[in-house]
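Residue 595, in the working numbering, is where the sequence shown stops; the numbers in between run on with no holes. Quick reminder that beta carbons are idealized off the backbone N, C-alpha and C, glycines included.
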Amino acid sequence: MAASELYTKFARVWIPDPEEVWKSAELLKDYKPGDKVLLLHLEEGKDLEYRLDPKTKELPHLRNPDILVGENDLTALSYLHEPAVLHNLRVRFIDSKLIYTYCGIVLVAINPYEQLPIYGEDIINAYSGQNMGDMDPHIFAVAEEAYKQMARDERNQSIIVSGESGAGKTVSAKYAMRYFATVSGSASEANVEEKVLASNPIMESIGNAKTTRNDNSSRFGKYIEIGFDKRYRIIGANMRTYLLEKSRVVFQAEEERNYHIFYQLCASAQLPEFKMLRLGNANSFHYTKQGGSPVIEGVDDAKEMAHTRQACTLLGISESYQMGIFRILAGILHLGNVAFTSRDSDSCTIPPKHEPLSIFCDLMGVDYEEMCHWLCHRKLATATETYIKPISKLQATNARDALAKHIYAKLFNWIVDHVNQALHSAVKQHSFIGVLDIYGFETFEINSFEQFCINYANEKLQQQFNMHVFKLEQEEYMKEQIPWTLIDFYDNQPCINLIESKLGVLDLLDEECKASMIFGGNLDCQIDASRSGGK
61 MAASELYTKF ARVWIPDPEE VWKSAELLKD YKPGDKVLLL HLEEGKDLEY
111 RLDPKTKELP HLRNPDILVG ENDLTALSYL HEPAVLHNLR VRFIDSKLIY
161 TYCGIVLVAI NPYEQLPIYG EDIINAYSGQ NMGDMDPHIF AVAEEAYKQM
211 ARDERNQSII VSGESGAGKT VSAKYAMRYF ATVSGSASEA NVEEKVLASN
261 PIMESIGNAK TTRNDNSSRF GKYIEIGFDK RYRIIGANMR TYLLEKSRVV
311 FQAEEERNYH IFYQLCASAQ LPEFKMLRLG NANSFHYTKQ GGSPVIEGVD
361 DAKEMAHTRQ ACTLLGISES YQMGIFRILA GILHLGNVAF TSRDSDSCTI
411 PPKHEPLSIF CDLMGVDYEE MCHWLCHRKL ATATETYIKP ISKLQATNAR
461 DALAKHIYAK LFNWIVDHVN QALHSAVKQH SFIGVLDIYG FETFEINSFE
511 QFCINYANEK LQQQFNMHVF KLEQEEYMKE QIPWTLIDFY DNQPCINLIE
561 SKLGVLDLLD EECKASMIFG GNLDCQIDAS RSGGK
């Protein structure tokens, strides 16, 4: 039967809608090839003449029978397209309060933005040992499948958690780790699984921040390998981090925050051991007040600081080392308050006995006069001579911010290394399960190079998804000559080529950075010229 023959009277379809995205409608008469208009009846009672695109003559998407709506696996639907997927997810979420749905081997999760009672130890035990399709969709089912395949096939496994910013990726990754910690137990008395879970509050405090879309948004990518012995008990873990958003240390957009740890410090400023840090509330510091949103509703930063310190202690970070970390973090906050005064258009100075810089130098153990000098000057080296030149107020401000970002990035990496030391096991690792949690697609009014790198990484993840869900599966069906309706999906390879191919954006940017003089407009022209042949 030709697809057009399905468009008969009373057939239901989906049509685009500017407010609801997709709206359901019913055909009032049979469609005949060549018709330019479909007569439709909308659910709200209105009749509509739906004009087909004269070029594509594409018919609207058919709606699934009601008996299939609410299926726990999207692949069970007769029609698998955007409106069908969205409607099925919506029905499950709104009508049945179900946030998980399968799409074959993929688990689709909707962020409910509230705590749900579906992650207790009784739920973990219910999923332990069960096959993925035998239980309702759940992150625990995916974790169990990975654990079971690791043990059965003796092959390492990985779970990729992807999605746009605010989708709940980090929470999903944490629940997967909690599942492994609960079902596998520890191979020693050192409670390795507790240490693995304790790494989460530390990494969230130094790597997560409030954005306009997510109060606890990961601003770095994390891949954690959970190691198991021959009896498949946890023996340790190792973490790799990617793409830390260093710019957030010195700038936050409206209604956003810096990293949580800075606000936790400010909220704990009155503690006796923190008096030496000479902190105040978050509105006292340039690096924590720019977003105008220093408080997250329902979050007690002082309590969160206590949790962070407890986790540090559990992972073997001593009190003296913890205070060293807090000295550096407080120093960064005071550095952000350092102000410059212009002498002329090409030089500047720091006011004498400038308190923010004085506190920074005391906390960091550096010389005040040296810092004054080098924040306002730069060194230029040639083949034969070295010049020291003054810099403008704007250049000095940028140098101050660059120093703050560099210090924070070094501290972040040191903490990650220390966490890895605490999670390292002397027992030989037999196998592992990796969990990748990387922040999702982002588009802001102003997008930095960091957003570009983040979105490029997500395009590569999307390509991996396409490869496993569509390309390889369909090739297997064709190879074995199994009847198969070809699924037309968006292939993002052209987008990836635009970025990474020869004369792509990265290649051109690399060449431009090597040039002695860099002009943004010149890069724009080169990108336009390189792509004009493909338009």
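Item to check | Assumed close pair E502, N515 - CB separation to whole angstroms, cut-off 8 Å | outcome: 7 Å
Checklist entry - Can you tell which of S407, M538 and N552 has its C-alpha closest to the C-alpha of A526? => result It should be noted that the sequence gives Asn, not Ala, for residue 526. For N526, the nearest C-alpha among the options comes from N552.
Item to check | Alpha-carbon spacing of E181 relative to E379, whole angstroms | outcome: 33 Å
Next on the checklist: Please give the ranges of any beta strand (DSSP E) in the stretch 250-303, keeping only runs that are unbroken, at least 3 residues long and fully inside the region.
Outcome noted: 281-288 and 294-302
Item to check | beta strand (DSSP E) runs contained entirely in the stretch 133-204, provided each spans 3 or more residues | outcome: 160-163 and 166-169
Checklist entry - Do the CB positions of A258 and Q370 come within less than 9 Å of each other? => result yes
Next on the checklist: Classify E249: buried if its beta carbon has 16 or more other beta carbons within 10 angstroms, exposed otherwise.
Outcome noted: Its pLDDT being 45, under 50, E249 is placed unreliably by the model, and the measurement read from it follows with that caveat. Exposed is the call here.
Checklist entry - What are the boundary residues of the beta strand (DSSP E) that includes F492? => result S491 to D497
Item to check | Run of the alpha helix (DSSP H) containing Q324, from where it starts to where it stops | outcome: H320 to A327
Item to check | Start and end residues, beta strand (DSSP E) containing D77 | outcome: R72 to D77
Item to check | Cα-Cα separation between K234 and S222, rounded to whole angstroms | outcome: 14 Å
Checklist entry - What number of angstroms, rounded off, separates the C-alpha of Y463 from the C-alpha of S232? => result It is Leu, not Tyr, that sits at residue 463 in the sequence shown. Answer to the nearest angstrom: the Cα atoms are 34 Å apart.
Checklist entry - What number of angstroms, rounded off, separates the C-alpha of D289 from the C-alpha of G267? => result 30 Å
Checklist entry - Would a C-beta distance cut-off of 9 Å place A206 and Y187 closer than the cut-off? => result no
Item to check | T442, buried or exposed, once every other Cβ within 10 Å from all chains shown has been counted against 16 | outcome: exposed
Checklist entry - Of all the options G226, Q209, E224 and S225, which has the alpha carbon lying nearest to the alpha carbon of S218? => result Q209
Next on the checklist: Quick check on the DSSP output: the alpha helix (DSSP H) that includes E415 runs from which residue to which?
Outcome noted: E415 to M424
Next on the checklist: With a threshold of 8 Å on Cβ separation, who are the neighbours of P78 within its own chain once the five nearest residues in sequence on each side are excluded?
Outcome noted: none
Checklist entry - Does the Cβ-Cβ distance between I356 and D275 come in under 9 Å? => result yes
Next on the checklist: Taking the straight line between their C-alpha atoms, what separation do you get for L417 and Q524?
Outcome noted: 48 Å
Checklist entry - Taking the C-alpha atoms as reference points, what is the distance between K89 and I493? => result 55 Å
Checklist entry - From S307, I178 and R212, pick the residue whose C-alpha is nearest to that of P197; which is it? => result I178
Checklist entry - Quick one: is V426 buried, meaning 16 or more other Cβ sit within 10 Å of its Cβ, or exposed? => result exposed
Checklist entry - For A482, which of K453, A297 and D422 has the nearest alpha-carbon? => result A297
Item to check | Cβ pair L102, L87 closer than 9 Å | outcome: no
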